[in-house]
Amino acid sequence: MARRTIRGIAIYVSLIGVAWCALAPILWALSGSLKRDGEITEPTLLPARPQWSNYGKVFELLPLGRMLLNTAVYAVCVTAGQVFFCSLAGYAFARLRFRGRDTLFLAYLGTLMVPLTVTVIPQFLLMRTLGWVDTPWAMIVPGLFGSAFGTYLMRQFFRTLPRELEEAAIVDGCSTWQIYWRVLLPHTRPALLVLAVLTWITVWNDFLWPLIMIQRNDIATATLGLVRLQGQYYSDWPILMAAAVVILLPLLAVYALAQKYFVSGIAQSGLGGR
-12 MARRTIRGIA
-2 IYVSLIGVAW
8 CALAPILWAL
18 SGSLKRDGEI
28 TEPTLLPARP
38 QWSNYGKVFE
48 LLPLGRMLLN
58 TAVYAVCVTA
68 GQVFFCSLAG
78 YAFARLRFRG
88 RDTLFLAYLG
98 TLMVPLTVTV
108 IPQFLLMRTL
118 GWVDTPWAMI
128 VPGLFGSAFG
138 TYLMRQFFRT
148 LPRELEEAAI
158 VDGCSTWQIY
168 WRVLLPHTRP
178 ALLVLAVLTW
188 ITVWNDFLWP
198 LIMIQRNDIA
208 TATLGLVRLQ
218 GQYYSDWPIL
228 MAAAVVILLP
238 LLAVYALAQK
248 YFVSGIAQSG
258 LGGR
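Residue numbers (our numbering): -12 to 261.
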């Protein structure tokens, strides 16, 4: 009994420590965004007089509202494309039989080992050839048609579905597309939501690709705006922290709304360590 108690306490203490390591930077940024410039280095979590005007200054110094809208549009488009094409490819690799299927899947999965920086220059040259540099198309099209990770995630989930669903649909005269769209896809909602949330977070936090492709503020992303703000007003840390908090809030809102289904999808897709 004593060992169980000690073990339970140790587990909770460890979890609290991990949670604090994750939350401490967010709390510090929130605290710093309400401080004056002279208070930013003081080791106090609560400011003496909260400076709510720092958030107003962010929108005065930078068209952050437009940048947040741009980022949301890019994230919605890329997420929709990833969910559709990754689910389609995952279904094909999991349920259809064709020559070279496993070899092709392993080769596609091997692209996860290729560093992002290796593909940046070829993608940039391709965007320049198409005339898409400094346009919204450069932010949407490259990530629209799926990814190796998303395909792997959907394939693993499709493989957990019983074969009886597919066999019954074939008996009823369904085509391959109808089996995918009407029979199996509705059962993959947890995995689709996991993929959607992960894709949204990736696009929202992306910095390298927008830095290379976008110059105009009217189509810039929020992360790019934050860096440009830092370049102009790098000494005003409360303003920078206020901007960081504003950019972080949509991510927290998305995760808070999808948390239940996100955790369920991670468990059912096999990414939770089963």
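The C-beta atom is built at its ideal place from N, Cα and C for all residues, glycine as well.
Option in the options with minimal Cα separation from residue i
i, options, result
"I268", "K247, L213, A81", "Because the chain spans -12 through 261 in this model, residue 268 falls outside it and cannot be assessed."
"I166", "V181, F145, A183, L182", "F145"
"A81", "L172, W191, L10, D193", "L172"
"Y61", "A79, A240, W196, A229", "W196"
"A183", "V158, A245, E154", "A245"
"L179", "A209, T116, G68, S20", "G68"
"W191", "L117, A59, F92", "A59"
"A231", "T90, W15, G77", "W15"
"F72", "T106, K22, A135", "A135"
"F132", "E151, V70, L140, Y78", "V70"
"R66", "I(-4), V5, L185", "What sits at residue 66 in the sequence shown is Thr, not Arg. The shortest Cα separation from T66 among I(-4), V5, L185 belongs to L185."
"F92", "C64, R142, A229, V181", "R142"
"D193", "T98, L55, P149", "L55"
Rounded straight-line distance, which links the Cα of residue j to that of residue i
i, j, result
"W187", "R(-10)", "43 angstroms"
"S162", "G137", "24 angstroms"
"Y248", "G25", "43 angstroms"
"N41", "L17", "11 angstroms"
"L32", "G87", "58 angstroms"
"T208", "G130", "15 angstroms"
"D205", "M100", "35 angstroms"
"R176", "S74", "10 angstroms"
"I201", "T122", "7 angstroms"
"I262", "I127", "Outside the modelled stretch of the chain, which goes from -12 to 261, sits residue 262, for which no answer is possible."
"Q217", "L227", "7 angstroms"
"R23", "G43", "14 angstroms"
"A79", "Y139", "11 angstroms"
"L2", "A11", "14 angstroms"
"G263", "Q110", "Outside the modelled stretch of the chain, which goes from -12 to 261, sits residue 263, for which no answer is possible."
"P34", "W224", "14 angstroms"
"W39", "L21", "6 angstroms"
"I(-6)", "V0", "One point to set straight first is that residue -6 is Arg, not Ile, in the sequence displayed. Cα to Cα, the separation comes out at about 10 angstroms."
"A156", "A76", "20 angstroms"
"V241", "L103", "26 angstroms"
"G52", "R215", "15 angstroms"
"L152", "V170", "7 angstroms"
"L112", "R203", "19 angstroms"
Assigned secondary structure, residue i (DSSP; H/G/I helix, E/B strand, else coil)
i, result
"C64", "helix"
"Q69", "helix"
"L112", "helix"
"L33", "coil"
"S162", "coil"
"F46", "helix"
"P102", "coil"
"W187", "helix"
"T28", "coil"
"Q38", "coil"
"F80", "helix"
"R23", "coil"
"R203", "coil"
"H174", "helix"
"G260", "Interpretation of G260 is limited by its pLDDT of 45, a score under 50 that renders its predicted location unreliable; the figure taken from the coordinates is listed afterwards. Three-state DSSP puts G260 in coil, outside helix and strand."
Range of the contiguous alpha helix (DSSP H) that encloses residue i
i, result
"C8", "-11 to 20"
"Y95", "88 to 96"
"W196", "195 to 200"
Entirely enclosed alpha helix (DSSP H) segments - the region 207 to 232, minimum 4 residues: Runs found: 209 to 219.
Any alpha helix (DSSP H) of 4 or more consecutive residues that is wholly inside the region 117 to 149: Those alpha helix (DSSP H) runs which fall completely within the region 117 to 149 and span 4+ residues are 124 to 127, 135 to 147.
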